[in-house]
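J.: If you read the sequences in order, they're chains R and W.
All residue numbers for the first sequence refer to my numbering, where the first residue is 5 and numbers rise by one.
All residue numbers for the second sequence refer to my numbering, where the first residue is 2 and numbers rise by one.
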Amino acid sequence: MPSLNRATAGAYALIGAVMLLLAGGFAWAAGWIGPGRINGGDVTAALEYNTGKKQPGYRRAHAKGLCFSGSFMADGAGSALSVASVFKTGSYPVIGRFSLAGGNPLAGDGRNVFHSMAFVLRAPDGQEWRLAMDHTPIFPVADVASFIALQRATKPDPKTGKPDPAVMKPFLEAHPEVKAFQAFMMQAVLPNSFANATYYSINAFRFTDAGGTTHLVRWQFEPEAPLAGLDKKRLDQLPRDYLFQEMIARTAKAPSRWHLKLVVANPGDVTDKATVAWTGPHRMIDAGTLAIDAVQSEETGACRDLNFDPTILPPGIAPSDDQLLAGRSKAYSSSFTRRAQEGPHPSAVGQDLARENAR
Amino acid sequence: MSRQSQDFHPALRAIHWLMVAMVFTMLFIGVGMVSTVGPAYLTLLGLHRPLGIAILVLVLIRLPLRLATGAPALPEDLPLLEKRIVWASHLLLYLTLFALPLIGWGMLSAGGYPVRVTHDFTLPPILPHDLGIYAFLRTAHTIVAVLFFVLILAHLAAALMHGLIRRDGVLRSMTIGHRPVATPEEPEAPDGPADETGEEPAS
Numbered sequence: 005m006p007s008l009n010r011a012t013a014g015a016y017a018l019i020g021a022v023m024l025l026l027a028g029g030f031a032w033a034a035g036w037i038g039p040g041r042i043n044g045g046d047v048t049a050a051l052e053y054n055t056g057k058k059q060p061g062y063r064r065a066h067a068k069g070l071c072f073s074g075s076f077m078a079d080g081a082g083s084a085l086s087v088a089s090v091f092k093t094g095s096y097p098v099i100g101r102f103s104l105a106g107g108n109p110l111a112g113d114g115r116n117v118f119h120s121m122a123f124v125l126r127a128p129d130g131q132e133w134r135l136a137m138d139h140t141p142i143f144p145v146a147d148v149a150s151f152i153a154l155q156r157a158t159k160p161d162p163k164t165g166k167p168d169p170a171v172m173k174p175f176l177e178a179h180p181e182v183k184a185f186q187a188f189m190m191q192a193v194l195p196n197s198f199a200n201a202t203y204y205s206i207n208a209f210r211f212t213d214a215g216g217t218t219h220l221v222r223w224q225f226e227p228e229a230p231l232a233g234l235d236k237k238r239l240d241q242l243p244r245d246y247l248f249q250e251m252i253a254r255t256a257k258a259p260s261r262w263h264l265k266l267v268v269a270n271p272g273d274v275t276d277k278a279t280v281a282w283t284g285p286h287r288m289i290d291a292g293t294l295a296i297d298a299v300q301s302e303e304t305g306a307c308r309d310l311n312f313d314p315t316i317l318p319p320g321i322a323p324s325d326d327q328l329l330a331g332r333s334k335a336y337s338s339s340f341t342r343r344a345q346e347g348p349h350p351s352a353v354g355q356d357l358a359r360e361n362a363r
Numbered sequence: 002m003s004r005q006s007q008d009f010h011p012a013l014r015a016i017h018w019l020m021v022a023m024v025f026t027m028l029f030i031g032v033g034m035v036s037t038v039g040p041a042y043l044t045l046l047g048l049h050r051p052l053g054i055a056i057l058v059l060v061l062i063r064l065p066l067r068l069a070t071g072a073p074a075l076p077e078d079l080p081l082l083e084k085r086i087v088w089a090s091h092l093l094l095y096l097t098l099f100a101l102p103l104i105g106w107g108m109l110s111a112g113g114y115p116v117r118v119t120h121d122f123t124l125p126p127i128l129p130h131d132l133g134i135y136a137f138l139r140t141a142h143t144i145v146a147v148l149f150f151v152l153i154l155a156h157l158a159a160a161l162m163h164g165l166i167r168r169d170g171v172l173r174s175m176t177i178g179h180r181p182v183a184t185p186e187e188p189e190a191p192d193g194p195a196d197e198t199g200e201e202p203a204s
């Protein structure tokens, strides 16, 4: 054994320093030490706080849902903007999910929340596009920190069922961008069906065409069914699963259709913030028709175990510089992992079906 | 398998150091990306998958190369227990180099995700879409990665002990290699004649 002379001591010190540096660097990269960092768990925690309690086994947001299947018939026009295979003329299978915002999987449908549609679009060559859309053209906040603050500020007071004004007021003062969304929700028709709502991409995305030119694009699925609204004054009188049962009954009679409109940004349009609407005339391309011809409960459908991460995109579509997209991707992933670890739980529609079958 | 030379095969040394850079980058990217909801998340995720598959491909080349070319004998004065620890730790390092990318690939398969390596290249799933399997593998991916980092630190500390304290040629065998050995009469001669036997000079 070498004696512990000065050189050996120096060598030990050097080895110790290397170990400390690497371990410290690793801990810093992981966010275990150093300045605080918002992670996916912070988002799921804020959503659980807003919901009032943790709902194990369910999505932390948009917990109440209904699976659907159908197809997207591309008319080829979308190829002018993107090389993605699903824009080439043809029919592509769709597996998706309708949902309502909020973390309570058994909440009543009579809430002034937005309707959402998410689906996976697959091309025969293996390309996959996951879309997660709301019936609002804009989002209340532009970044994840603000989203967490929004969830905390809008937690319903158990006594009134509404957010606590003492919390809401300072939040709105700090986040004036939320006013545009509030104004929209105030005047917007609350669709009386999932089938007659227009669903928007929320964020902008970067499309690349065959010539390599990029286009910043938002899109919307416009329904063929005429829009009619719920009576906002009598929302609390609706049966718990009114919208879901309406969609089940409607789909049993006929498929529902939407047209995919690709909206190309004008110079000057805000493309990195989902809080700002694009106004005035825009170049719009009708890229095809989505037809939903079957719906299933989450227990029997194929949608429950999918994460509709809007950053899972085919070649020819990429995220824009909107930082909310990374936040959505990470938060969805954290929610997905949590519910996977907790195991599946019954859906509201599944409960209804079980009750009917028991009769 | 033992090896006549005092050093690892030059190709194996090259692949070792290439993988050192890749694995360190990978581990830092891995813990870094899951720690943030910021724009770095998507950037790091975009690097994580191709790097992981590249590591899997490299270890598929490296293991046969290692088995074919062998390892130089450990110093004779190393206690038997330490020799066994060396053997076990190297086995674990190789196992983990295979396991981590495969767990990652399997985890994405079981989660119903497309296993997209690059924007244009997607791997097929290797497991059925099953959230129970996904949940298990997702947890395993983190735990194995952190244990792997600890194992690598121990491996590095041991290598530095050999190189700086024991000075027994073990570190050299995976780095610059042994100089052509001088004759015992001229131990300091920088340009001593090469010893074709490759044995340690008598001391």
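Glycine included, C-beta positions come from ideal geometry on N, C-alpha and C.
These numbers come from a predicted model, not from an experiment.
Alpha carbon to alpha carbon, what distance is there between H17(W) and P6(R)?
T.: As a first step, residue 6(R) must be located in the first sequence, where it is residue number 2. As a first step, residue 17(W) must be located in the second sequence, where it is residue number 16. Low confidence applies here, because P6(R) scores a pLDDT of 47, under 50, leaving its location unreliable and the question unanswered by this model.
J.: Under three-state DSSP, which class holds K237(R)?
T.: Here residue 237(R) refers to the residue found at position 233 when the first sequence is read from its first residue. The answer is helix: DSSP assigns K237(R) an H, G or I state.
J.: Compare the C-beta of P144(R) with all C-beta atoms of chain W and state if any pair is closer than 8 Å.
T.: As a first step, residue 144(R) must be located in the first sequence, where it is residue number 140. No, P144(R) does not count as interfacial toward chain W.
J.: Taking just the CA atoms, how far does R287(R) sit from S73(R)?
T.: Along the first sequence, read from residue 1 onward, the residue named residue 73(R) stands at position 69. Along the first sequence, read from residue 1 onward, the residue named residue 287(R) stands at position 283. If you draw a straight line from the Cα of S73(R) to the Cα of R287(R), it is about 30 Å long.
J.: Just tell me which of Q345(R), E360(R) and V353(R) has its CA closest to the CA of G112(W).
T.: On the second sequence, residue 112(W) is found 111 positions in, with the first residue counted as 1. When each option's Cα is compared against that of G112(W), the closest is Q345(R).
J.: Report the CB separation of L125(R) from V98(R) in whole angstroms; it is logged as a contact under 8 Å.
T.: Counting from one through the first sequence, the residue named residue 125(R) turns up at place 121. Counting from one through the first sequence, the residue named residue 98(R) turns up at place 94. Confirmed, Cβ separation roughly 6 Å.
J.: Using only the alpha-carbon positions, how far apart do H219(R) and F30(R) sit?
T.: Against the first sequence, residue 219(R) aligns to sequence position 215. Against the first sequence, residue 30(R) aligns to sequence position 26. Their backbone Cα atoms lie some 39 Å apart in a straight line.
J.: Are the CB atoms of R41(R) and T143(W) within a distance shorter than 8 Å?
T.: Locating residue 143(W) in the second sequence gives position 142, counting from the first residue. Locating residue 41(R) in the first sequence gives position 37, counting from the first residue. No, they are not a contact pair.
J.: For the stretch 110 to 130 of chain W, list every residue whose C-beta sits within 8 Å of some C-beta in chain R, in sequence order.
T.: G112, G113, Y114, P115, R117, H120, D121, T123 and H130
J.: Using a Cβ cut-off of 9 Å, which residues of the stretch 32 to 54 of chain W contact any Cβ in chain R, in chain order?
T.: V32, G33, M34, V35, S36, T37, V38, G39, P40, A41, Y42, L43, T44 and L46
J.: Report the residue from L135(R), Y62(R), L176(R) and G94(R) whose alpha carbon sits nearest the alpha carbon of N207(R).
T.: As a position in the first sequence, residue 207(R) is number 203, starting the count at 1. Checking every option, the nearest Cα to that of N207(R) belongs to L135(R).
J.: Note the first and the last residue of the continuous beta strand (DSSP E) segment covering S120(R).
T.: Along the first sequence, one-based indexing puts residue 120(R) at 116. Note, S120(R): beta strand (DSSP E), H119 to R126.
J.: Have a look at I289(R) and D46(R) and give me their C-alpha separation to the nearest angstrom.
T.: Translated into the one-based positions of the first sequence, residue 289(R) becomes position 285. Translated into the one-based positions of the first sequence, residue 46(R) becomes position 42. Those two C-alpha atoms are separated by around 38 Å.
J.: At a CB distance below 8 Å, what residues from the stretch 20 to 34 of chain R approach chain W? Give them in sequence order.
T.: V22, M23, L26, A27, G29, F30, A33 and A34
J.: Quick check on S371(R): does DSSP put it in helix, strand or coil?
T.: Residue 371(R) lies beyond the range of chain R shown here (5 to 363); nothing can be said about it.
J.: Which whole-angstrom value is the C-beta distance of F175(R) and M251(R), which I expect to be below 8 Å?
T.: Taking the first residue of the first sequence as 1, we reach residue 175(R) at position 171. Taking the first residue of the first sequence as 1, we reach residue 251(R) at position 247. Actually they do not touch by this definition, with Cβ atoms about 34 Å apart.
J.: Leaving out five residues on either side along the sequence, give the residues of the same chain with a beta carbon under 8 Å from the beta carbon of L242(R).
T.: For this step, residue 242(R) is matched to residue 238 along the first sequence. These residues qualify, in order along the chain: G112, D113, G114 and L234.
J.: Taking only beta-carbon atoms, is A208(R) less than 8 Å away from chain W?
T.: Mapped onto the first sequence, residue 208(R) falls at position 204. No, A208(R) lies away from the interface with chain W (no Cβ there is under 8 Å from its Cβ).
J.: Who pairs with D290(R) in a beta bridge, going by DSSP?
T.: By one-based count along the first sequence, residue 290(R) stands at place 286. For D290(R), the pairing in a beta bridge is given by DSSP as K265(R).
J.: Short of 6 Å in beta carbon distance, which residues of its chain neighbour P141(R), apart from the five on each side in sequence? Order them along the chain.
T.: Position 137 of the first sequence, counted from the first residue, corresponds to residue 141(R). Result list for P141(R): Y204 and A281, in chain order.
J.: Any Cβ of chain A within less than 8 Å of the Cβ of I37(R)?
T.: Of the chains in the structure shown, none is chain A; the protein chains are R and W.
J.: Taking the straight line between their C-alpha atoms, what separation do you get for F312(R) and S337(R)?
T.: Your numbering for residue 312(R) matches position 308 in the first sequence. Your numbering for residue 337(R) matches position 333 in the first sequence. Distance from the CA of F312(R) to the CA of S337(R), rounded to the nearest whole angstrom, comes to 9 Å.
J.: Examine chain W for any beta-carbon lying closer than 8 Å to the beta-carbon of K334(R), and answer yes or no.
T.: Along the first sequence, one-based indexing puts residue 334(R) at 330. Yes, K334(R) counts as interfacial toward chain W.
J.: Quick one: list the residues of chain W neighbouring G107(R), beta-carbon separation under 7 Å, in chain order.
T.: Numbered from its first residue, the first sequence carries residue 107(R) at position 103. Those do not exist, as G107(R) stays about 18 Å from chain W at its closest Cβ, beyond 7 Å.
J.: Do three or more CB pairs link the stretch 142 to 159 of chain R to the stretch 322 to 333 of chain R at distances below 8 Å?
T.: yes
J.: Relative to the C-alpha of A105(R), which candidate in L310(R), T158(R), I19(R) and T212(R) has its C-alpha closest?
T.: Position 101 of the first sequence, counting from 1, holds the residue named residue 105(R). Comparing Cα-Cα distances from A105(R) to each of L310(R), T158(R), I19(R) and T212(R), the minimum goes to T158(R).
J.: Could you pull out every residue in the same chain whose Cβ sits closer than 7 Å to the Cβ of A278(R), ignoring the five residues on either side in sequence?
T.: Here residue 278(R) corresponds to residue number 274 of the first sequence, with the count starting at 1. Around A278(R): I142, F143, A146, I206, N207, D326 and L328.
J.: Chain W partners of E132(R), CB-CB under 7 Å?
T.: Here residue 132(R) refers to the residue found at position 128 when the first sequence is read from its first residue. Ordered by position in chain W, the residues that pass the 7 Å Cβ test against E132(R) are P115.
J.: For Q5(W), count the other beta carbons within 10 Å of its own beta carbon; 16 or more makes it buried, fewer makes it exposed. Which is it?
T.: Stepping through the second sequence from its first residue, residue 5(W) is reached at position 4. Exposed, since its Cβ has fewer than 16 Cβ neighbours within 10 Å.
J.: If we define contact as Cβ-Cβ less than 8 Å, is E201(W) a contact residue for chain R?
T.: Here residue 201(W) refers to the residue found at position 200 of the second sequence. Because the pLDDT at E201(W) is just 42, under 50, the model does not fix this residue reliably, and the point stays unresolved.
J.: Please confirm whether G100(R) and R64(R) have their CB atoms less than 8 Å apart.
T.: The residue given as residue 100(R) occupies position 96 in the first sequence. The residue given as residue 64(R) occupies position 60 in the first sequence. Result no, Cβ atoms of G100(R) and R64(R) do not sit closer than 8 Å.
J.: Mind listing the chain W neighbours of N200(R)? Cutoff is C-beta to C-beta under 8 Å, in chain order.
T.: For the purposes of this step, residue 200(R) is taken as the residue at position 196 of the first sequence. Within 8 Å Cβ-Cβ: nothing; N200(R) doesn't reach chain W, min ~30 Å.
J.: Between the C-alpha atoms of R117(W) and L52(W), what's the straight-line distance to the nearest angstrom?
T.: Residue mapping note: residue 117(W) aligns to position 116 of the second sequence, counting from 1. Residue mapping note: residue 52(W) aligns to position 51 of the second sequence, counting from 1. About 12 Å.
J.: Could you work out which residue in G164(W), I153(W) and S174(W) is closest to V21(W) when comparing CA atoms only?
T.: Position 20 of the second sequence holds residue 21(W). It is I153(W) whose Cα lies nearest to the Cα of V21(W).
J.: By the DSSP assignment, the alpha helix (DSSP H) with H209(W) in it spans what residues?
T.: Chain W is shown only over 2 to 204; residue 209(W) falls outside these bounds and no answer can be derived.
J.: DSSP on V98(R), reduced to helix/strand/coil?
T.: One-based indexing of the first sequence puts residue 98(R) at position 94. V98(R) falls in the strand class under three-state DSSP.
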